[in-house]
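Number 112 in UniProt numbering belongs to position 112 of the sequence shown; there are no gaps in the numbering.
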Amino acid sequence: DPPPQPKSEEKVLSPDEIMAETKRFVEVSKQIHSFEERNVTKNFNLKKDQLKDVTETHKQLEQHYKKATEKVAKEKADEEYLEAVSEQEVAKKQMDGIAEQKQQLEKEVATLGKEMESLMKLYDEQDAILGRIFNGAYGSELENKLEAEFDAILERKERIMVAKYKWTNARILLQHAVNQLGVACGKWLDLQKVQANNVQAKYFMATEARNNLIAAAQNITSAQRYLNNIKFPYCEPSEIKTLERACQNIYIDMQSTERHQHAYQCYSVTYRRAAALLQWFDSVIKNTIGKDLENAKKELAPKEKALREERLRLIKERMGGDADGITLGDGGDFDGDDDELDPELVAIMKPDKPEGTEGGDTLSPDDTSGPPKAPTPLPLNELAPPPSQDELFGNIEQLKQQHEKEMAEFEKAQETNKARIEQGLQEKLRQRRNRRTRLAAD
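Structure representation (structure tokens):
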């Protein structure tokens with residue numbers, strides 16, 4: 001056997017090669033920045049979780065619709081049959097609404113999955129470029145420290161952006177629910193003005209009210225699904241269940257003054273509490289999430305700049321006198337509208353129109369009365385308290401402690417001898433991808 005050959009030394013790049021690598025590094029970094037700005041990693045994980053939940057809900061609603069259909073076939077008495085048919089229609093509407101959400105989420109997950117693959121490849125390429133420029137090691141202890149700090153702040157910002165994304169989505173759904181509840185209450189009151197012998201008009205108006213109530217209940221449920229770890233202080237699931245049961249009885253409730261009034265109390269109380277919930281959402285989004293996001297952006301931009309400048313200094317150091325004019329470019333900032341919601345992605349439930357009518361969830365032009373006056377906003381000191389930081393953003397404290405631990409270990413490494421520092425930097429280089437992979441999985 002031939003004698004073992006000594007390990008070849010890492011290739012040392014020429015100034016021209018470093019220049020070419022640096023230009024590619026700038027291009028890759030800009031692409032990575034674009035993905036990070038749009039929070040691709042966290043959005044992908046969010047949509048996967050939502051799709052899993054919606055898929056399970058769709059299965060449950062299919063079973064419910066099947067049972068409701070069987071119940072219609074069994075009922076013979078007029079009143080029970082009418083109630084069963086109404087329950088079947090509500091179940092069908094719920095099932096179709098969830099099916100639409102499921103289809104939309106499947107498309108979003110597929111698109112974001114491809115973007116995630118692209119981002120991971122860019123991270124790999126960025127690491128490889130830095131490895132070639134710095135001959136397989138980190139450029140300096142400071143570069144490692146700045147990158148770890150940047151990753152930690154970026155992770156926090158992305159978690160806050162996910163929270164804002166979810167709360168803003170949920171708020172849009174809730175706003176529609178409040179409007180629909182107002183319309184339903186107005187239609188239900190108008191029904192009293194219809195002549196008793198005008199049965200067709202009474203059924204028509206009751207159907208308008210019912211369809212708006214169904215849509216409102218679904219929109220509130222969808223808002224809760226976006227925020228499944230948050231306990232709503234108003235319009236809890238039990239309240240929505242009560243509203244859905246009331247929808248099933250609406251054609252019976254319209255036949256007597258007493259039942260009509262009792263049903264109206266149910267609808268109007270839900271309307272007022274939904275309005276209070278919307279007000280609570282606005283307070284949380286503006287006073288908690290918005291402020292935390294602004295602070296994270298302010299911290300992130302200078303950290304990114306410091307990391308870019310340190311890498312530029314190291315590259316120039318490697319190139320010596322051939323580094324004139326070289327730049328890593330401006331990574332941009334994180335103050336854009338990257339965290340704003342595209343409303344088209346929200347699956348808003350709209351009321352079905354009774355046969356022979358057109359229009360959305362607004363009152364007809366010829367109605368003599370509108371919905372009840374909008375509920376008076378609650379004084380701020382009477383609003384429910386906001387959720388905790390952990391409920392809003394996940395376990396931020398755990399992330400902070402992990403970062404502090406890594407920084408303490410880094411400081412300790414600086415106090416060791418040069419050989420051990422070099423060894424530590426090599427290990428940090430291997431850990432870079434692991435850290436990003438871990439953040440992507442959270």
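Ideal placement from N, C-alpha and C gives every residue a C-beta, glycine not left out. Note that the structure is a prediction, hence the values are computed from the model and not measured.
If you draw a straight line from the C-alpha of residue 233 to the C-alpha of residue 206, how long is it?
-> Roughly 30 Å separates the two Cα atoms.
With distances taken between CB atoms, is the gap from residue 139 to residue 311 smaller than 8 Å?
-> Yes. Within cutoff.
Are there three or more Cβ pairs, one per stretch, closer than 8 Å when the region 221-232 is compared with the region 170-185?
-> Short answer: they touch.
Of the listed residues 256, 32, 221, nearest to residue 196 (C-alpha basis) | Ranked by Cα distance from residue 196, the options 256, 32, 221 are led by 256.
Run through DSSP, which three-state label would residue 191 get?
-> In this structure, DSSP gives residue 191 a helical state, which the three-state scheme calls helix.
Where does the unbroken alpha helix (DSSP H) through residue 28 begin, and where does it stop?
-> Segment 15-37, the alpha helix (DSSP H) holding residue 28.
Neighbourhood of residue 158 by C-beta distance below 6 Å, restricted to the same chain and skipping five residues each side = Excluding residues within five positions, the ones whose Cβ falls inside 6 Å are 39, 42.
Identify whether residue 150 lies in helix, strand or coil by the three-state DSSP scheme.
-> Three-state DSSP puts residue 150 in a helix.
Put residue 139 into one of helix, strand or coil per three-state DSSP.
-> Here residue 139 sits in coil by DSSP.
Under a Cβ-count criterion, where at least 16 other Cβ atoms within 10 Å of its own Cβ denotes burial, should residue 295 be classed as buried or exposed?
-> Burial call: exposed.
Closer than 8 Å by C-beta to residue 109: which residues in its own chain qualify, once you throw out the five before and the five after it? Chain order, please.
-> If we look at residue 109 and ignore the five residues flanking it on each side, its Cβ neighbours are 44, 47, 48, 51.
Cβ contact (3+ pairs, closer than 8 Å) linking the region 145-154 and the region 274-287 = Flag = no, the region 145-154 and the region 274-287 do not touch.
Option nearest residue 160 by Cα separation, candidates 301, 290, 221 | Taking only the C-alpha atoms, the option nearest residue 160 is 290.
How about residue 209 and residue 274: do their beta carbons lie closer than 8 Å?
-> No, the Cβ-Cβ distance between residue 209 and residue 274 is not below 8 Å.
Between the C-alpha atoms of residue 89 and residue 27, what's the straight-line distance to the nearest angstrom?
-> One C-alpha to the other measures close to 55 Å.
In whole angstroms, what is the alpha-carbon distance linking residue 15 and residue 132?
-> C-alpha separation (whole angstroms): 12 Å.
Member of 293, 268, 120 whose CA lies at the smallest distance from the CA of residue 29 | The alpha carbon of residue 29 has as its nearest neighbour, out of 293, 268, 120, the alpha carbon of 120.
Contact check, residue 251 vs residue 184, beta carbons under 8 Å | No Cβ-Cβ contact shorter than 8 Å links residue 251 with residue 184.
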